[in-house]
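Residue numbers (the numbering used here): -13 to 578. Glycine included, C-beta positions come from ideal geometry on N, C-alpha and C. The block underneath contains the structure these notes are about, expressed in structure tokens.
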């Protein structure tokens, strides 16, 4: 549609200048130029003479042989107004179509980037700065779509306008036109030299902006820490340095970009001045009429506009390419954890989860070494041991946040990688030490466990999680907003909402990763009661920091430096007098 509209706009726009020539001829040369042309003139090629005869034939048909200058001027003026109206109407339709394209491009590109980011494996986010990803989804995408639509607009519209104007110029005087276009290669070379280094600067600017967004995100997330250590000045100084760097790069880019259009305009005016001298000589010698020469100058002044627009688009495209490389790099990043082609759906969890000789490394650092154990359906298995031993890594391998590098994890006797990822996670509920709440209502945060849950189901889940009382005491009850990352709630309240979320999902397999380690004694008691309600009758893997909470587990596995060093019940491990007993005694001593 854009091409169709811009073609009609170009047609009527160039026709406007064709109509000026017979009008000027009539004004300069008087009644003598009005010749009654009784028959349609024979087309012998695009020329001013042919167009004049065509206009006179149309006027003859309209007024007969008695038409005069006033009638001709009136007629041509009415046609000029009509042609201008049509030209601008189609220009508006073209711009409207391009605006729709621009908005849809921006929407679709952002959707594609965000959709791909959310499918990437968890390890990806450990190596990337969140602020840089946000910058790519917001700022870089905006630059890309601006570049795409502006370039498309220039690519379709400007060549058509230039071609239409060139036809008029050639028809008026091919000799003068040939002389005029000699300056174009000089203009192209100068503009090319100006914008040559824009791409590298644009990439540096986008990366600098990403660093600034990252620092902003980290600062807002850690505002208590910053204030607690009186580090506000340090963070502000760091932000100013990044902002100054971004501003300096942007300023240099702007200077270079803005130079292209003035250079193009200067060359156009300089060429026009030369044409004035050269064309004036042709008028004096009779090679060109005064009307044709004036119309020629008018058309040539118009041809410089699309030429400048093309120059501007060429200058801006490098910024779009630089941003595009970052955006497309994010879109082209493929998730490492994907379903196998013959993956099957895990319909029901029947018997057990088995780790068989599992080893795992983060890059070059080995975290787990030949881990083997089994969790039977309905059992509660606890993982304990010193920090950094690999307990949380084990909990991340079961929902396939990462894939094992050696060995295998079996669910009901089949390799975990043989199942569809979503179907595996459908059977799992995870309550982590760091509770993630979204800036939404309490009810919607709980409903994340089951999106189609009713209000009564949400209330029941909150009651089981010991959260119903404090929710009802809140200003708006279940409709109370939790704030950014749940900052309006205490740690214990956030954790109980996380448990309510898991209760609502009602999973077969439950993973608790140090769910009470960051809580005070009173909150821990309430959360532990909620966890006991949640654990009842479920297959559970519990990572515990406070060992008193897991003494009644069916099995306790002690992990140290990525290896299983002890395994058994609380009584069995205490009798061994090994690592577990030492951990218990150290914790008892610490508590006393």
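By the Cβ rule, the segment 155 to 164 does not count as touching the segment 227 to 242, because fewer than three pairs are nearer than 8 Å. Here the alpha carbon of residue 382 sits roughly 9 Å from the alpha carbon of residue 108.
Sequence-distant partners of residue 388 (beyond 5 residues in either direction) whose C-beta falls short of 8 Å from its own C-beta, in its chain, are 107, 108, 109, 323, 346, 379, 382.
Collapsing the DSSP output to three states places residue 40 in a helix.
A Cβ-Cβ contact shorter than 8 Å links residue 552 with residue 565. The distance from the Cβ of residue 368 to that of residue 536 is about 4 Å, consistent with a contact at the 8 Å cut-off.
Contact check for residue 126 and residue 313: beta-carbon distance about 5 Å, within the 8 Å limit, so the pair qualifies. Here residue 491 has 415, 435, 436 as same chain residues with Cβ atoms under 7 Å from its own Cβ, once five neighbours each way along the sequence are excluded. Under DSSP, the beta-bridge partners assigned to residue 549 are 546. Between the alpha carbons of residue 423 and residue 546 lies a gap of roughly 32 Å. In this structure, residue -10 sits away from residue 69, with a CB-CB distance that is not shorter than 8 Å. As DSSP reads the structure, residue 414 sits in a beta bridge with 495. Rounded to whole angstroms, the separation of the alpha carbons of residue 78 and residue 282 is 27 Å. Between residue 525 and residue 365, the CB-CB gap stays under 8 Å.
Of 318, 444, 152, the smallest CA-CA separation from residue 101 is found for 318. Remark: fewer than three beta-carbon pairs, one from each stretch, lie closer than 8 Å, so the segment 214 to 223 and the segment 258 to 269 are not flagged as touching. DSSP places residue 527 in the uninterrupted beta strand (DSSP E) bounded by 525 to 529. Counting only unbroken stretches of 3 or more residues, the beta strand (DSSP E) elements lying wholly within the segment 339 to 421 are 351 to 362, 366 to 370, 392 to 397, 414 to 418, in sequence order.
In this structure, the beta-carbon distance from residue 538 to residue 500 does not fall below 8 Å. Residue 376 is positioned such that its CB atom lies closer than 8 Å to that of residue 548.
Judged by their CB atoms, residue 361 and residue 527 are nearer to each other than the 8 Å cut-off. Under the 10 Å beta carbon count, residue 292 is surrounded by 16 or more other beta carbons and is classified as buried. By the Cβ neighbour-count rule, residue 441 is exposed, with fewer than 16 other Cβ atoms within 10 Å of its own. Taking 8 Å as the cut-off, the Cβ atoms of residue 428 and residue 483 count as close.
Rounded to whole angstroms, residue 355 and residue 391 show a C-alpha spacing of 10 Å. Of the residues assessed, residue 518 falls on the exposed side of the cut-off, its CB having fewer than 16 other CB atoms within 10 angstroms. Residue state for residue 330 is assigned as strand, using DSSP reduced to three classes. Judged by their CB atoms, residue 120 and residue 203 are nearer to each other than the 8 Å cut-off. Annotated as proximal: residue 116 and residue 200, with beta-carbon spacing under 8 Å. Within the segment 63 to 124, the alpha helix (DSSP H) runs of at least 4 residues that lie entirely inside it are, in chain order, 108 to 113, 116 to 121. The alpha-carbon of residue 259 is positioned some 11 Å away from that of residue 252.
Around the beta carbon of residue 421, a 10 Å sphere encloses 16 or more other beta carbons of the protein chains shown; the residue is thus reported as buried.
In the structure shown, residue 427 falls within a strand segment according to DSSP collapsed to helix, strand and coil. Residue environment: residue 0 is assigned as buried (16 or more neighbouring CB atoms within 10 Å of its CB, all protein chains considered). Cβ neighbours of residue 543 within its own chain (closer than 8 Å, five residues either side excluded): 359, 367, 368, 369, 370, 550, 552, 553. Nearest C-alpha to residue 520 among 196, 451, 470, 329: 451.
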